[in-house]
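So the sequence shown is residues 0 to 320, counted in numbering that gives the first Met the number 0. Each remark here refers to the structure printed beneath this line.
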Amino acid sequence: MASYDGFAFGAAQAPALPELYCADCQTNTRPVAEGTPQKLARNVTAVVGDDRCGVCGAQLARRNTATTQALPHGDISMLMNRLLEAWGIDPTSTSGNAPASEEAVAKLSTFSAGQAATTEVGMIVDGIKGEVILVPANFGPCKSIASKRLVVASPFTGASALSVDVADKIVLMERGVCTFAAKVLRAQAAGAVAVIVVQTADVWPYTMTDSKGEGATMAIPAFMISAKQGKGLVKYLAEHEASATIDVRLNSRECVICQVDIANGSQVIRMPCQHMFHSECLGQWLNIRNSCPICRVEIASKHGRSKTDAERDFLWSDWMS
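Following this line, the structure appears as structure tokens:
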């Protein structure tokens with residue numbers, strides 16, 4: 000199961016009848032069973048009969064899709080204790096507790112997780128070793144793309160009609176001049192299968208949004224690549240012809256506190272370091288610690304700081320919004 004940094008301690012106790020899902024279909028899967036299959040919830044099918052997807056025949060896989068509400072308070076506390084033990088902190092001792100201040104907690108970003116927050120996207124380009132992580136837009140479809148030719152748009156910003164052939168290709172564009180949706184729609188009209196937008200600012204990760212509501216007819220996915228990696232890819236494509244495969248891994252983000260996937264639409268809180276957790280889980284964690292459960296970046300403590308501003312240690316969160 001994927002997580003932000005692979006920091007996991009083993010899954011919580013599995014239910015008696017584990018739920019399965021189809022990684023290929025990702026929607027409205029049906030079990031292969033005797034009689035009339037029952038249509039079940041998105042991405043989930045009961046364990047009955049053959050464990051192959053009734054739609055495409057792919058092997059079904061187990062996914063933990065429970066909500067944090069399904070975990071009793073004691074279970075979350077047990078998992079938090081294991082996190083503390085991994086840090087070398089005795090969870091039974093209250094002397095070292097440093098709960099976050101109510102003011103600091105109130106400043107944290109709380110929102111409903113969309114596809115950009117719950118989906119991991121990897122891209123492999125011919126001739127370039129390894130995989131680069133892309134950020135999906137918060138509008139339009141989000142789907143995998145089989146190997147397709149990569150081309151750089153002209154004009155690069157996609158602010159006017161494209162002068163290069165992009166039909167059945169993945170198009171690389173630069174951020175700026177026009178809206179994200181306008182770029183994608185222009186590429187779509189020219190026959191492109193996907194758009195990758197190169198970030199031009201230092202902000203990363205960054206999620207593209209449809210601020211003007213232009214994407215109602217959008218039928219191709221859009222992703223963003225970081226400024227440094229995007230510039231490197233543009234330079235590479237100037238000297239090489241290459242194809243790319245885009246792998247979309249839905250529901251791939253895990254809350255490391257409860258070890259349950261962060262589902263699309265669930266309420267989450269983002270720490271200043273950009274690590275994200277279920278709201279309920281992080282709320283309980285911040286009652287005992289004022290730092291990120293993953294990277295330990297701190298926010299203000301309820302007990303205040305024992306040192307003066309001149310004496311205290313610098314915190315990464317001092318420079319994070």
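Every residue gets a Cβ at the ideal spot worked out from N, C-alpha and C, and that includes glycine. Computed from a predicted structure; not experimentally measured.
Close beta carbons around residue i, own chain, < 7 Å, minus the five adjacent residues each side
i: K321; result: Here the chain comprises residues numbered 0 to 320, so residue 321 is not present and cannot be evaluated.
i: E213; result: T178, A180, A181 and L184
i: L285; result: P98, A99 and V104
i: A69; result: Only weak support exists for where A69 lies, its pLDDT of 43 falling under 50; the value from the coordinates is given anyway. Within the same chain, A69 has no close Cβ partners at all.
i: F155; result: M172 and E173
i: S278; result: T109, Q266, V267 and I268
Distance, residue j Cα to residue i Cα
i: K211; j: E253; result: 31 Å
i: S108; j: I287; result: 19 Å
i: A145; j: S300; result: 48 Å
i: S100; j: F179; result: 38 Å
i: F222; j: K234; result: 19 Å
i: A181; j: L82; result: 45 Å
i: G231; j: G157; result: 19 Å
i: S116; j: I88; result: Checking the sequence, you will find Ala at residue 116 rather than Ser. Between A116 and I88, the C-alpha separation is close to 30 Å.
i: I321; j: E238; result: The shown model of the chain, from 0 to 320, leaves out residue 321, and the question about it has no answer.
i: G264; j: G121; result: 22 Å
i: T216; j: A193; result: 14 Å
i: A218; j: N80; result: 46 Å
i: I245; j: Q187; result: 17 Å
i: I298; j: M77; result: 23 Å
i: V259; j: C280; result: 10 Å
i: E102; j: Q283; result: 16 Å
i: N289; j: I169; result: 44 Å
DSSP-derived helix/strand/coil call for residue i
i: Q198; result: coil
i: C280; result: helix
i: S76; result: helix
i: D308; result: In this predicted model, D308 has a pLDDT of only 45, less than 50, meaning its place in the structure is not dependable; the value taken from the coordinates is given anyway. DSSP places D308 in coil when its eight states are reduced to three.
i: F179; result: helix
i: Q187; result: helix
i: K301; result: coil
i: Q228; result: helix
i: E84; result: helix
i: L171; result: strand
i: K147; result: strand
i: G214; result: helix
i: V124; result: strand
Cut-off 6 Å between Cβ atoms - residues of its own chain near residue i, not counting five sequence neighbours on either side
i: T208; result: N137
i: Q228; result: V131
i: C272; result: C291, C294 and V296
i: L171; result: V151 and I195
i: S225; result: Q198 and W203
i: M275; result: V267 and R269
Chain-order list of residues whose beta-carbon lies under 8 Å from that of residue i (same chain, five-residue window excluded)
i: A166; result: A189, G190 and A191
i: V163; result: V150, V151, A152 and S153
Supposed close pair residue i, residue j - CB separation, criterion 8 Å
i: A241; j: V124; result: 5 Å
i: K147; j: A243; result: 7 Å
Check: residue i C-beta below 7 Å from any heavy atom of the ligand PLP
i: V163; result: With respect to the ligand PLP, the structure shown offers nothing to examine, as it has no ligands at all.
Is it a yes or a no for the region 173 to 183 touching the region 198 to 217, going by three-plus beta-carbon pairs under 8 Å?
yes
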